[in-house]
Amino acid sequence: MLRLELNGISKQYPAVRANDRVGLKVRPGEIHAVLGENGAGKSTMMKIIYGAVQPDEGRILWNGQAVSIRSPAQARALGISMVYQHFSLFDTLTAAENVWLGLDKAMTLPQVTQRIGEVAHSYGLDVDAQRPVHTLSVGERQRVEIVRALLTEPQLLILDEPTSVLTPQAVDKLFITLRQLSERGCSILYISHKLDEIRALCHHCTVLRGGKVTGEVDPRLETNAGLSRLMIGAEPPPLQHRPSRAGAAVLDVRALSLVRQDPFGADLHAVSFSVRAGEIVGVAGVSGNGQQELMAALSGEDPRAAPGSITLGGTDIARSGPRERRALGLHFVPEERLGRGAVPLLSLAQNTLLTRTETVSRAGWIATGRVQRLAEDLIARFQVRAGGAGASAKSLSGGNLQKFIVGREIAAQPKLLIVSQPTWGVDVGAAAQIHGELLALRDAGCALLVVSEELDELFEISDRLLVIAKGRLSPSVPTAQASTQQIGEWMSGLWDGAGLVEP
Amino acid sequence: MFKLEARPQPSKLMSLASPLLALALTVLIGVLLFLILGKDPLRGLQIFFVEPLKNLYALSELSIKATPLILIALGLAVCLRANVFNIGAEGQYILGALAAGWVAMQAGPATAWMGRGIVVPILLAGVLGGMAWAAIVALLRDRFNANEILVSLMLVYVADQLLGYLVNGPWMDPDGHNFPQSITFLAVTRVPKIVTGLRAHIGVFVALGAVALLWVFMFRTYRGFALQVGGMAPAAARYAGFSSRSALWTALLLSGGMAGLAGGLEAAGPLGQLTPYIPAGYGFAAIIVAYVGRLHPLGIVFSGILMSLFYIGGELAQTRLGLPKSLTGVFQGLLLFTLLACDTLIAYRMTWAPKLASARYPPGGPSASSPAKPVLRREA
Numbered sequence: 000m001l002r003l004e005l006n007g008i009s010k011q012y013p014a015v016r017a018n019d020r021v022g023l024k025v026r027p028g029e030i031h032a033v034l035g036e037n038g039a040g041k042s043t044m045m046k047i048i049y050g051a052v053q054p055d056e057g058r059i060l061w062n063g064q065a066v067s068i069r070s071p072a073q074a075r076a077l078g079i080s081m082v083y084q085h086f087s088l089f090d091t092l093t094a095a096e097n098v099w100l101g102l103d104k105a106m107t108l109p110q111v112t113q114r115i116g117e118v119a120h121s122y123g124l125d126v127d128a129q130r131p132v133h134t135l136s137v138g139e140r141q142r143v144e145i146v147r148a149l150l151t152e153p154q155l156l157i158l159d160e161p162t163s164v165l166t167p168q169a170v171d172k173l174f175i176t177l178r179q180l181s182e183r184g185c186s187i188l189y190i191s192h193k194l195d196e197i198r199a200l201c202h203h204c205t206v207l208r209g210g211k212v213t214g215e216v217d218p219r220l221e222t223n224a225g226l227s228r229l230m231i232g233a234e235p236p237p238l239q240h241r242p243s244r245a246g247a248a249v250l251d252v253r254a255l256s257l258v259r260q261d262p263f264g265a266d267l268h269a270v271s272f273s274v275r276a277g278e279i280v281g282v283a284g285v286s287g288n289g290q291q292e293l294m295a296a297l298s299g300e301d302p303r304a305a306p307g308s309i310t311l312g313g314t315d316i317a318r319s320g321p322r323e324r325r326a327l328g329l330h331f332v333p334e335e336r337l338g339r340g341a342v343p344l345l346s347l348a349q350n351t352l353l354t355r356t357e358t359v360s361r362a363g364w365i366a367t368g369r370v371q372r373l374a375e376d377l378i379a380r381f382q383v384r385a386g387g388a389g390a391s392a393k394s395l396s397g398g399n400l401q402k403f404i405v406g407r408e409i410a411a412q413p414k415l416l417i418v419s420q421p422t423w424g425v426d427v428g429a430a431a432q433i434h435g436e437l438l439a440l441r442d443a444g445c446a447l448l449v450v451s452e453e454l455d456e457l458f459e460i461s462d463r464l465l466v467i468a469k470g471r472l473s474p475s476v477p478t479a480q481a482s483t484q485q486i487g488e489w490m491s492g493l494w495d496g497a498g499l500v501e502p
Numbered sequence: 000m001f002k003l004e005a006r007p008q009p010s011k012l013m014s015l016a017s018p019l020l021a022l023a024l025t026v027l028i029g030v031l032l033f034l035i036l037g038k039d040p041l042r043g044l045q046i047f048f049v050e051p052l053k054n055l056y057a058l059s060e061l062s063i064k065a066t067p068l069i070l071i072a073l074g075l076a077v078c079l080r081a082n083v084f085n086i087g088a089e090g091q092y093i094l095g096a097l098a099a100g101w102v103a104m105q106a107g108p109a110t111a112w113m114g115r116g117i118v119v120p121i122l123l124a125g126v127l128g129g130m131a132w133a134a135i136v137a138l139l140r141d142r143f144n145a146n147e148i149l150v151s152l153m154l155v156y157v158a159d160q161l162l163g164y165l166v167n168g169p170w171m172d173p174d175g176h177n178f179p180q181s182i183t184f185l186a187v188t189r190v191p192k193i194v195t196g197l198r199a200h201i202g203v204f205v206a207l208g209a210v211a212l213l214w215v216f217m218f219r220t221y222r223g224f225a226l227q228v229g230g231m232a233p234a235a236a237r238y239a240g241f242s243s244r245s246a247l248w249t250a251l252l253l254s255g256g257m258a259g260l261a262g263g264l265e266a267a268g269p270l271g272q273l274t275p276y277i278p279a280g281y282g283f284a285a286i287i288v289a290y291v292g293r294l295h296p297l298g299i300v301f302s303g304i305l306m307s308l309f310y311i312g313g314e315l316a317q318t319r320l321g322l323p324k325s326l327t328g329v330f331q332g333l334l335l336f337t338l339l340a341c342d343t344l345i346a347y348r349m350t351w352a353p354k355l356a357s358a359r360y361p362p363g364g365p366s367a368s369s370p371a372k373p374v375l376r377r378e379a
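In structure tokens:
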């Protein structure tokens, strides 16, 4: 008997048919991958299983019986648990209090604490229930979420992109736990777009594309290329990689230290590095280790850096605002596209005005015709699919808006381009295009600094790698000489000399 | 039953239709109101929507109400677009009237060389007075992060007290039989009328000029653009490098100046002296005007005229129908209230959803799921 079976499930949203007669069969104890690009319908399918969204048509069978799951509470009562990609934990509470909050009040806090200990022990998940969440690392937080899900003794555990925030070592640890769970009969739905992980972990794989099931395969017998074809319908074109010819240093950061502004942010400790013309320097690291703070200090959004700690082509810019830095040739693509890189309600044409002021006269008059043409040129040159220059930023898909924003900054012909999470939530085709554009910009002699949580991406496009951990920056290593193993260790802050430089 | 469903994109048509729909609903509720009060609804509507437009005299009176409403609302639109909630325009209006009145009272033989040109410094004083009052709000917000909504509102009452003190004390007309009012300003200081015999003055043209200037500022200047980005997406403004302090000061000084100008026009125009009755609620009504006009200069012209109809209609209803003057406020409130309700339809649409049929699932389906209990309960 199957643990879970979906039959002909459809869900229509106003603009898009998110699920079109999809089916899914999950056996007891099976680790079942759901693979697909952003927007392929994975999330909708999971929400339907977890009761957060009601399907328009189709049947759900749970252990052989037809059910309609009306709410997450009902899903949990059936034995379905879910661990979301973005954790829902209160930073100021302890792990045990967080778990306790999510349960009905049948147990007292000490009972919950004891149960956490038992569950954690039996699965080798190491969690200290008494520690406040803000002192936990991201991997530890995820373990708290998993323990919370396991406390209800689920028969089906749904994990949404669980490894996107983990170091390679933490991923290995997670896989051990998941295999243990599967051996004890718990089925696991594993949502991901990382092909290597799926091939290493999962027994079965359902592939979604454009709301439809495009394949059901045993991932252990497939190649990455084969899975990729099922997922996007084609293989992404290979990148043109030429050896870099790095020139003179463009950006120089010397002993940059900053105290956090956000109570749950990270302090920067004596960060030093440089970026030369014609090279891409990648910054790896688990999110929340100071990337945000470093980006704000480099872009000028946070102009508190000590004078002399940041120089651009010999000019001290530590205290300059974003506009002065842009005038000197420093352009920046932030990780949040809507609300930071673009104003959601404004048109693409108006959004060019955020960073491109050649269409503004010295006296401050906007030449609307030129603004319009600039936006149209960007749309054509970077193949942005949008309803013209007048379309609001909000109306574009994530990938297309990212192409527009990256294009806006590339077309400004910067001396230094800083990009944070260039392909976050972007489909494979757009990601390949963005990578190609960044490499072309490098070959044209621009200095690039790329911050990403995706190691694969950094290994693919960077010439040198840096790792940020706990607000400190590792020495740089040429990508050709770096290994995933080494970078993974560095992501935990374990490089030679780390921690020796106290602020 | 009806269901609200999110639109994939906000409807442009609805954002224009919503104020009209709101007006229609307001009229409908107004008709019901007249019926309940035992008055002829047709006569009531005629008083509100026909009488104020029926001849040149009526139009002249309408322009006197519409001018300050439009001027203040224009400034507020910039403020609200920048997410600076200045709701103390009434106080800035009073200060404008006081400053303009003070300059007007200095007129005499010594200023005779200026002739009618003295109106210019009088109105400029009005602008500066309103700006100064708004600058207090900006300063406290900028320096101490004091909430601008509270500060600007409280300053209305301070301004009101200041006016009361001046017309009861230092500025009281010595020959005024102890009435709390200033001297009547010299004829030369009065804002010129458009035609003799009617009260309408050149403030109308000032207001229309301001409409054009504000449109250009909002949609054709980089500073205006930066201001609005700050209101819509503060993180994007920081990313672009737009200063939020500069936006705060620009928005408040601009709207304070506009409210002060309206106050100056009123004091040196129809009133011709300072009395405790200068605050007529224009500063508060202009908030509604700004929103009903979609924070757009052209929209504000129409909503300003509409709101003036309510003002005059309320006064007429008092004399013709024997209804209280507060009917004006009722209509103004109804309009804002229905507008806010209708604005829901910009982002959502109404759909008719038949009751969720559980028959879609095979019999026994839904019930099979309900008896399950949380596992934890059993363990505890």
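Chains as they are written, first to last, in numbering that gives the first Met the number 0: chain A, 0 to 502; chain B, 0 to 379.
Where a beta carbon is used, it is the ideal one built from N, C-alpha and C, also for glycine.
Model, not experiment: these values are computed from the prediction.
Segment limits, beta strand (DSSP E) that includes residue i
i	result
residue 18(A)	16–25
residue 6(A)	3–11
residue 372(A)	Not the beta strand (DSSP E): residue 372(A) falls in the alpha helix (DSSP H), residues 367–380.
residue 191(A)	186–191
residue 81(A)	79–82
residue 32(A)	30–34
residue 299(A)	Segment: none, residue 299(A) is in no beta strand (DSSP E) and carries neither H nor E.
residue 281(A)	279–283
residue 446(A)	446–450
residue 331(A)	329–332
Endpoints, alpha helix (DSSP H) assigned at residue i
i	result
residue 250(B)	243–265
residue 48(B)	40–48
residue 171(B)	Segment: none, residue 171(B) is in no alpha helix (DSSP H) and carries neither H nor E.
residue 237(B)	233–239
residue 227(A)	223–231
residue 211(A)	Careful: residue 211(A) lies outside any alpha helix (DSSP H), inside the beta strand (DSSP E) at 211–216.
residue 143(A)	137–150
Per DSSP, cross-strand counterpart(s) of residue i
i	result
residue 272(A)	252(A)
residue 347(B)	5(B)
residue 65(B)	Answer is none; residue 65(B) lacks a bridge partner.
residue 64(A)	61(A)
residue 208(A)	211(A)
residue 468(A)	471(A)
Cβ-Cβ separation, residue j to residue i (assumed contact under 8 Å), whole Å
i	j	result
residue 213(B)	residue 77(B)	7 Å
residue 503(A)	residue 426(A)	Missing from the structure shown is residue 503(A); chain A here goes from 0 to 502 and no further.
residue 237(B)	residue 300(A)	5 Å
residue 419(A)	residue 343(A)	So it is not a contact: roughly 19 Å between Cβ atoms.
residue 70(B)	residue 257(B)	5 Å
residue 60(A)	residue 68(A)	11 Å between Cβ atoms; not a contact.
residue 389(A)	residue 348(A)	7 Å
residue 185(B)	residue 106(B)	5 Å
residue 347(B)	residue 16(B)	That belief does not hold up - the Cβ atoms of residue 347(B) and residue 16(B) are roughly 14 Å apart, past 8 Å.
- Message: Please identify, using Cβ separations under 8 Å, the residues of the region 353–369 of chain A that lie next to chain B, in order along the chain.
- Response: Listed by position along the chain: 353, 354, 356, 359, 363, 364, 365 and 367.
- For the region 442–456 of chain A and the region 271–281 of chain A, state whether three or more C-beta atom pairs, one from each stretch, are separated by less than 8 Å. Touching, yes, given that three or more Cβ pairs across the two stretches are closer than 8 Å.
- Item | Within 7 Å of chain A by C-beta, residues of the region 219–242 of chain B in sequence order | 219, 220, 221, 222, 224, 228, 231, 232, 234, 235, 237, 238, 239 and 240
- Under 9 Å (Cβ pairs) to chain B, residues found in the region 332–352 of chain A: 333, 335, 337, 338, 339, 340, 341, 342, 343, 344, 345, 349, 350 and 352
- Touching or not, the region 428–442 of chain A and the region 471–481 of chain A, by the rule of three or more beta carbon pairs under 8 Å? no
- Message: Under 8 Å, with one C-beta from each stretch per pair, do the region 139–149 of chain B and the region 79–87 of chain B reach the 3-pair mark?
- Response: yes
- Item | Residues of the region 284–307 of chain A whose Cβ lies closer than 8 Å to any Cβ of chain B, in chain order | So the list reads 298, 299 and 300, given in the order they occur along the chain.
- Query: According to a CB-to-CB cut-off of less than 9 Å, which residues of the region 311–327 of chain A neighbour chain B?
  - Reply: 320, 321, 322, 323, 324 and 325
- Task: Assess, as a yes-or-no matter, whether the region 247–254 of chain B is touched by the region 107–118 of chain B under the definition of 3 or more beta carbon pairs within less than 8 Å.
- Result: no
- Query: Does the count of Cβ pairs from the region 486–498 of chain A and the region 460–468 of chain A closer than 8 Å reach three?
  - Reply: yes
- Item | Validate contact between the region 260–274 of chain B and the region 190–201 of chain B using beta carbons, cut 8 Å, 3 pairs | yes
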